[in-house]
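Written below as structure tokens is the structure these notes are about.
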Amino acid sequence: MAFYWYQRDPELYKAEVETMRRFFPSFKINQLPDGSGRLYWRGKVQPAGEGGMVWDLMLIYKNDHPHATGGEYGGSVQILPVQPRLKDLAEKMMPLILETYGTYDNAAAHGFGLGLPHIYRNNFGRNEEYFICTADPKYFKAGLNRSTSAASALSWACKWIILCEMWLNGEIGDDLALEGNY
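In this text, residue positions in the sequence shown follow numbering that gives the first Met the number 0: the first is 0, and each later residue adds one.
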């Protein structure tokens, strides 16, 4: 029996590649050099358009793709911004967050415990990195006929980027940044 999802289900792999090439042709697929066998897409997007930031993203498949571990946010495709780095953005925002909410516990209770809305942290290689949360487990789709794909995760990430940039620029408030229904 094949260990990696793309070996176990070559039709799913083919569908992932076709969908990404159709909707995000500038993204390229590769394998992480860490020996994990995990595949990833890498490319750049500028969802906010001219004047917005250019985001260099990695879309990293977990080895259990297309199944998310029970209750796990982000689904089976993790979105890691390489540039700008979310951890750096979050650290820059944390003093303002603490000024706004008074304490770390209060900031966390309002959804800003990491300094930005809708992000989570996880180890990546030897570093702790911050990832865009693109899938609440209750919205994650997996089954015989469908699953959440890299293309759908990237689409959600683009929505998150637009709202995050608007929030960082003061164009929307905390409530909309948190309740943007990512």
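Glycine residues also receive a C-beta, built at the ideal position from the N, C-alpha and C atoms.
- Across the structure, residue 43 and residue 54 are spaced so that their CA atoms are roughly 5 Å apart.
- Between residue 109 and residue 97, the alpha-carbon positions lie close to 11 Å from each other.
- One thing to note: residue 76 has its Cβ no nearer than 8 Å to the Cβ of residue 14.
- By the CB criterion at 8 Å, residue 133 and residue 152 fall inside the cutoff.
- Every alpha helix (DSSP H) of 4 residues or more that sits fully in the segment 1-56 is shown, in chain order, as 4-7 and 9-22.
- Within the model, the alpha-carbon separation for residue 66 versus residue 4 is close to 10 Å.
- Just so you know, the alpha carbons of residue 85 and residue 63 end up roughly 25 Å apart.
- For residue 127, the uninterrupted beta strand (DSSP E) run begins and ends at 126-131, by DSSP.
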